[in-house]
Amino acid sequence: MTSWMQVKVKGLTGSLEVEPLGQNAESLAYVYAINLAKPLPKGEYLTILVDTIQLHASYPKPAYASQTDSHFRVYEADGLLLSPYETTSQRLRFKAPTPSIRSYHISHTLEDLAKEEPVVKSGATVTFGPFKSQPPTATKGFNRTPYRVSVDFEMNIPSLTVVSLNRSVEVSHWGANMNTQDDYMLRNDAPELKGQFSRLDFQMAQHARRMSPVIISAVTLQLPSGAQNPYYFDLVGNVSTSAFRPAAKPSSERAARLGPQNAQLDLKPRYPLMGGWNYTFTVGWDAPLGDSAHWDEKNGRWILAVPFMTPLPSTPVDKAEVRVILPEGATDITVHPPFDVSLMERSTHITYLDTIGRPAFTFHAENLTEVHDGLIYITYKVPLAAHLQKPLAVGIASLIVFSVMWTLKRVDMTIHK
Amino acid sequence: MRLLYGVLLLVASLSAAVAQVTHAELVRLAAANNGVIKLNPVLYDALTAPNRQWSAAIQFTALSPQFKCSPCSDFNPSFKSVAKAWSKVHSAERDQHFFATLDFLEGQDVFKRLGLSSAPVLQFFPALEGPSVRPNPQRLEFSYDFSRHGFDAEELAKDLSNHTPIPIPYTAPFNWQPWFFGFTFLVLSLVAGRFAWIYLREIISNRWLWAAATVGLTLVMTSGYMFVQIRGMPYAQHNSMIAGGFQNQFGIEVNLVAALYGLLGASYLALILLVPRIPSPIRQRASVYLWTGILFVLFSILISFFRIKNGGYPFKLLL
Amino acid sequence: MTILKLPTFAPSTLTNAASLIRILALAFIAGAAISSRLFAVINFESIIHEFDPWFNYRATRVLASQGFTEFWNWFDPTAWYPLGRVVGGTIYPGLMATSGVIYNILHALHLPVDIRNVCVLLAPGFSGLTAWATYMLTKELKDESAGLLAAIFIGIAPGYISRSVAGSYDNEAIAIFLLMITFYIWIRALKDGSVLYGTLAAVFYFYMVAAWGGYAFITNMIPLHAFVLLLMGRFSHRLYSAYSAWYAVGTLASMQVPFVGFQPVLTSEHMAALGVFGLLQLVAFVETIRNLLASKQFQLMLRWFLIAAGVAGGLIIVGLTVTKTIAPWTGRFYSLWDTGYAKKYIPIIASVSEHQPTAWPAFFMDLHMLIFLFPAGVVLCFKELREEHVFVIIYSVMASYFAGVMVRLMLTLTPVVCMTAAIALSSLLDTYLNVDEPANPDANGVKETATSGAETPVDGTISKKKKKGVAAAAAAAAVTPSIATKAKGRSSAENGIFGIDTRILVIGNAIFMLVMFVLHCTWVTSTAYSSPSVVLASRRPDGSQNIIDDFREAYYWLRQNTPQDSVVMSWWDYGYQIAGMADRPTLVDNNTWNNTHIATVGKAMSSPEEISYPILRKHDVDYILVIFGGLIGYSGDDVNKFLWMVRIAQGVWPDEIKESNYFTPRGEYKVDDQASEAMKNSLMYKMSYYRFNDLFSGAPAFDRVRNQQMPKEGPKLDYIEEAFTSENWIVRIYKVKKEDPLGRDLKTAHAFDGGKRRKPSKPISRRKALAA
């Protein structure tokens, strides 16, 4: 699943514009158009780098593993690039996380196309090809099946997936605070646990420090440097097993030059996550508003920067929903998400003692990774009246209650004396 | 003469025992004592011999007064009446099951051997040979569960009937006594009440009598009387008056605690009601000091008493 | 003659000041009552406690999210699998309705408080209201100062805190307030003979019926009070109108609660109220007639009519009971009178720890000094003996009996103890805070002149008024703000206290005791009554708190990693928690309505695997959950509850399950080598100790709850397999295997699998050994 794509001209900074053209009806291939900055004169060369991130591209093999087993995955891909052009030379290089590669496989058809040695393995890298010149492959009659390659490699890092992430960011000018709350749904995508979980074996492995990397017993979130009052709970209440390390104060000059450090939140799920297990939880924290909001004096507007997400290391997010709640009475709002989100909604959110509710923006996006860790920029105005709205409302309400009580107390309601 | 006879009998039975107590001997011993065989170690071994063709229910008890085992004497009559009921059964079945009792005085060795540290215990020994062996006995021997069944004869008969050759034909004797007395008492009191109505009325309408009754009742209830009643706790144990544990108490503690509460309450009442009525300042002052002192001392006693029951209690006064 | 000259104020100033102080004091008392119940939230978190509250919480969530109609018609198919439970008709909805209303009001005010927090804080909130209701009731008995004392007593007495800490979201949380307010309004109705107040009492009675099964206490207390008043010859039209209004409206209203239905006219618990109602009608009728007709014969006839009607009414009730038209006492209530009944016939009731009788330390723990002020206060009630005092006396007798029989009913005793103790203590303070000294025949002159100098210029009436004010100010300034001495201590001419040292001594002692009381209450509340029991706390060697969260760990695992419809079997104690936290269907839960179903679970737990397995499969059980404390010494585990399972199963299958089989021949309850065969083969034993030995890697395993060494050979399981064990092994979950696809029985299949696996591994290890 393509999560992200970036195209550059070799040697130049700045990426080129990519335009998805959708699925071609004839060849059934998904087509993207790359618009070059200036047309390429005939006969000249240009090297274009296309970076993409593919999610869920490998699968565990075997599909079931016991608690102590190592974790192997298989990556299967087309050996030939799907392209509308003729390809003179191509090569496929696969870099595994560890040198422990159990096997690799190349189809016979593809083997025959190789110019020299069809497959070379060196260290953690497997190279297929280079292959001979090919006609365009993104055509109607082209059958990809005979050209598959696969690598069966060991994984020494957890295969976690965030199935869904709901972030809710609430801005309060009165409290000079920005509260962020994330609802995570985690799934361990490692091979599913064979048989059942044995605490005894787990504890023994833990004791002997031979824990399989497949098992996840803690995750660490990098929070913004000003984060404070973190909380961590799930559907049945507070999870007491978490540790919060606030960002170190930049005491020395060197530390200050390094830029703000992150605060860290170590979360230990209620139970160790075995392969195939799920865990949902909620974390949240406060941060000073000054860290992310800026008063633009010239235009008389607030500029707010909200991180789209707090990525877990090498963990894709299948579905994300980010909701930014602005102060009550904010007007004249402009919104700039960091990338093209699939859906953006505006709604009204009513919370403690609000009278008309707060404007809220919800961004929906799918298939995110660490590269999507960008900022949503929102600018808005808050008139003074909006700031005073809440204390006034509360004051008037209390006044009414007291005067009603006072009147009732002084009205004689007895029928006869 | 009678004593001598008894000794002779004992000697006879002992010698018989040594020479392998026969089944007939056991039957005779049982018949001689309303269906209960009085055991000694030798007889015990004979009765529970590994080749026994009969079953037996043996009561291990300590009836002599020096052991102060009140449950023992509570249970003994039930056991006896069930044994007696069994002795009325036709001899064909009757002689395949025996009731026997072993007193601690007679058979300390046996108690020690079995590791019994408390009494009473009722142990059932099924037949191991011969025709009386029950098909598929669920267990070899077991002890009767007093905590479940209590000391009631009816329950005992019911439970043992599952293991005896035929059910024990026990019927609880209808107890006429309380009904008779109750009825007589009712009639008498009605008659007496009619004649003494003038005085009775005074008593019934005397609020302080009612007050005394009410206060007495509340004191007893708040001192755990119902706990002692429901759990059947003994009045006291010979080595300690205070039961260990927070959720536990003996009968005597009801008295102690009720007395403490009562005295404490009374000293408050004295300070409220009596002291202001004393006309002489000196006597009044003395009694204020006296009652306050009593209050303080009793309160510290109460707290130290509570500390015995609840080891972790952090507060203390005086003691 | 006074011992202290106090400044004088205008009477209106005093009244206003006293009323302000009273309001402030009540506010502070409510604050103290609420905050002393928050230990659990501060030490742990805002969480629902124990077992039953989890169901109430779950029901409240349904009410809050789906509305009242849905809640009313809620059929819960996940409870009592496969039977299901009609929740709307089998609960007292008062508690959930209360939280639902509060929740909706808060949301209407744009205060989006989580429903969980409403539930957690409901009990502390209502304890503040209870303090106020107790104040009102005690005020009727004596005066405001006694009322304030009673309010603070009930506010912090552990006997009430034990069931109303934050998070113990149970019916009792609101019921005690309703109990007190109903009694207060009843007393007011009786005093004024007011139909309005009688109806109001009925309204609160209805609320109580909707909230707690203990409403039967009110149902019998008020008729008993009326009856005793009748016997004392205190029949009055006030009594007649108050009682008739209460009974008529209250009974009709209470029948609107579906769970109660027609019980108020069909069961014995409610017959006393009906009987007294009838009796009052007769007496009132006879009284009226007698006033109208003077003829002696007619009066005689009337008397006989009264007796005949009374006897006939009684006979009708008896007859209806005999013919079973009126249900006899239900087991729960009956076991209060016949204390041996429950143990013999309803082991489920007897097995609950809060249904045990109360030993004296529990009384002292829950009430401290109040317990001995209680009799003193009762005696003072006898001294006054107005109608309301008769009520308190009856209440104290009944409640102390009930509290002695069942630990749980300590809750109903606590309010009356607080009231009477407050009466006693406030009488003491009244006596010793009164600055007037009695006339003294042999007084020394110095004091006399000192006080008389102040009094001479004022004329008699003013001085009297002033004295009132002075006494009030003194009382207000001291421990209890009070203008109470108005009515009291006026006879100071002959009775009173001499000297100031005596006053200081007695007052000092009283204050000392109060301080002890407060310390005691705080200690008891923080140590004994503030544990959520879902989360356990232990101390690490370095003194820091270690949270043991095994229950939630396991429940959450069930919730996240098993199919939504997998049926979980556990002992009934954990049914509500599983439904609330794991959200999975359960076989049995804490609503112990179906004894056979519970006995089925008991049988499955206490039988050997091959007998249990068909039971498990027939009930579609996917997972079995047991609680095991042997590793860390958690004593409330299933092995300790096991005998109750056996007993309850035995009640239904006496031929198959026998309690004595689970004991050693000596009659001991053992899990070690000497454990009986039945014990060792039981599913419960196997599940508890499965692979427990391996944890000790060679050393003999040791059960820290029962302090016994486990046998060398641990149990083997063929029909079920371990699915999850929590961090401290407290919760162990097993998965029931499906039938073998090859049609073998699972024991053979397991042995075959085991053998197959062992074969290749053995030669290898031998070879290795040789090589080494």
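If you're matching them up, the sequences are chains A, B and C in order. If you use UniProt numbering, the first sequence corresponds to residues 1 to 417, in order. If you use UniProt numbering, the second sequence corresponds to residues 1 to 319, in order. If you use UniProt numbering, the third sequence corresponds to residues 1 to 772, in order. A virtual CB, placed ideally from N, CA and C, is assigned to each residue, including glycine. Treat the numbers as computed from the prediction; the structure is a model and nothing was measured.
Assuming contact is defined by CB atoms lying nearer than 9 angstroms, are residue i and residue j in contact in what I supplied?
i       : j       : result
V324(A) : I356(A) : no
G293(B) : V254(B) : no
L409(C) : A146(C) : no
P158(A) : V214(A) : yes
L293(C) : Y240(C) : no
N590(C) : T90(C)  : no
A157(B) : V82(B)  : yes
T351(A) : Y380(A) : no
W571(C) : D638(C) : yes
Look at the alpha carbon of residue i and the alpha carbon of residue j, and state the distance between them as a whole number of angstroms.
i       : j       : result
W210(B) : N509(C) : 30 angstroms
F181(B) : S533(C) : 53 angstroms
S482(C) : N434(C) : Note that S482(C) scores a pLDDT of 40, beneath 50, so its modelled location is shaky and nothing firm can be said.
A397(A) : A108(C) : 13 angstroms
G88(C)  : F68(C)  : 10 angstroms
R58(C)  : G237(A) : 14 angstroms
A284(C) : I393(C) : 25 angstroms
S150(A) : L110(A) : 12 angstroms
F67(B)  : S189(B) : 42 angstroms
P77(C)  : M185(A) : 27 angstroms
Would you say residue i lies against chain C (beta-carbon separation less than 9 angstroms)?
i              : result
Y352(A)        : yes
N310(B)        : yes
T241(A)        : yes
Y279(A)        : yes
L200(A)        : yes
T355(A)        : yes
F79(B)         : no
residue 439(A) : Summary: the structure shown does not reach residue 439(A), with chain A confined to residues 1 through 417, and so no result is reported for it.
N51(B)         : no
N238(A)        : yes
E202(B)        : no
M241(B)        : no
S223(B)        : yes
Is the Cβ of residue i closer than 9 angstroms to any Cβ of chain A?
i       : result
T461(C) : Note that T461(C) scores 41 on pLDDT, short of 50, meaning its location in the model is unreliable; the coordinates nonetheless yield the value given after this. Judged by the 9 angstroms Cβ criterion, T461(C) is not in contact with chain A.
K747(C) : no
K383(C) : no
Does any CB atom of chain B fall closer than 9 angstroms to the CB of residue i?
i              : result
K670(C)        : no
G340(C)        : yes
L252(C)        : no
A226(C)        : no
residue 847(C) : Residue 847(C) lies beyond the range of chain C shown here (1 to 772); nothing can be said about it.
D432(C)        : Reading the sequence as shown, one finds Tyr at residue 432(C) and not Asp. Output row for Y432(C): interface = yes.
A403(C)        : yes
ask   = Taking any Cβ of chain A, which residues in the segment 557-580 of chain C have a Cβ under 9 angstroms from it, in chain order?
value = W557, R559, Q560, N561, G580
Contact set between the segment 502-521 of chain C and chain B, restricted to residues whose Cβ is under 8 angstroms from the partner = T502, L505, V506, N509, M513, M516, L519, H520
inquiry  = For the segment 89-110 of chain C, list every residue whose C-beta sits within 7 angstroms of some C-beta in chain A, in sequence order.
reply    = Within the segment 89-110 of chain C, H110 place their CB atoms closer than 7 angstroms to a CB of chain A, listed in sequence order.
key: chain A contacts made by the segment 711-744 of chain C, where a contact means CB separation under 8 angstroms   = Against chain A - using a Cβ distance shorter than 8 angstroms - the residues of the segment 711-744 of chain C are E721, E722, A723, F724, T725, S726, E727, W729, K735.
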